[in-house]
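See structure below.
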Amino acid sequence: MRLRLVVGRLQRKLRLGVAGDLPPLQYGTLAILDARGELPLGTLAALEGVRPPTMSRVVATLQERGLVERGNDNDRRRRTVRLTAAGAATLALARHRQTAGLARRLAALDDAQRAAVKNVLPVLEALADRH
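The UniProt record's numbering applies: residue 1 is where the sequence shown begins, and numbers increase by one.
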């Protein structure tokens, strides 16, 4: 479907604009932890759509950089992952860069194109909110 392709392409371009220091999977992991708080590694993997061993490697890299910490949940059998202050700051900077990149792209459109984007937003929001 064309909509999926266009939205995916725009998302990739926006992520590539911030990817110098934060590859997409690492960015997504930090964003999930920011939105949902501390999570078991398996849940984090499922939310990001990767296998647990892949997420374990991503988390190890983020932990080495001081962006996440590992812990144990209440029953001490499952490992959890949480965002650090440095991780939150890194994510905030990446989001700022992403927003600036989108603003530049929108500014390059003519008035009619910007109006069309503005008019379609409620429809896209309704699509996103459907279950």
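The beta-carbon is built from N, C-alpha and C at its ideal position, and this holds for glycine as well.
Because the structure is a prediction, the values reported are computed rather than measured.
Limits of the unbroken beta strand (DSSP E) element including residue i
{"i": "glycine 71", "result": "68-72"}
{"i": "threonine 84", "result": "It is not in any beta strand (DSSP E) - threonine 84 carries neither H nor E in the DSSP assignment."}
Separation of residue j from residue i, as counted between CA atoms
{"i": "alanine 100", "j": "proline 40", "result": "32 angstroms"}
{"i": "glycine 122", "j": "glutamine 63", "result": "One detail in the question is off: residue 122 reads as proline in this sequence, not glycine. The straight-line gap from Cα to Cα measures roughly 38 angstroms."}
{"i": "methionine 55", "j": "aspartate 111", "result": "43 angstroms"}
{"i": "glutamine 113", "j": "alanine 60", "result": "43 angstroms"}
{"i": "proline 23", "j": "glycine 66", "result": "16 angstroms"}
Burial state of residue i, where buried means 16 or more other Cβ atoms lie within 10 Å
{"i": "arginine 94", "result": "Note that residue 94 corresponds to alanine in the displayed sequence, not to arginine. Counting Cβ neighbours within 10 Å, alanine 94 comes out buried, since at least 16 surround it."}
{"i": "glycine 45", "result": "For the sequence presented, residue 45 should be read as alanine rather than glycine. With 16 or more Cβ atoms within 10 Å of its Cβ, alanine 45 is classed as buried."}
{"i": "leucine 124", "result": "exposed"}
{"i": "valine 81", "result": "buried"}
{"i": "leucine 33", "result": "buried"}
Near the ligand GTP: residue i beta-carbon under 7 angstroms from a heavy atom
{"i": "glutamate 125", "result": "The ligand GTP is absent from the structure shown, which contains no ligand whatsoever."}
Selection from the options that minimises the alpha carbon distance to residue i
{"i": "arginine 15", "options": "Lys118, His96, Val81 and Thr43", "result": "His96"}
{"i": "alanine 89", "options": "Leu30, Gly49 and Arg2", "result": "Leu30"}
The alpha helix (DSSP H) enclosing residue i, as first and last residue numbers
{"i": "glutamate 38", "result": "Note, glutamate 38: premise wrong, no alpha helix (DSSP H); not H, not E."}
{"i": "alanine 112", "result": "111-129"}
At a cut of 8 angstroms, does the segment 80-87 reach the segment 100-113 through at least three beta carbon pairs? no
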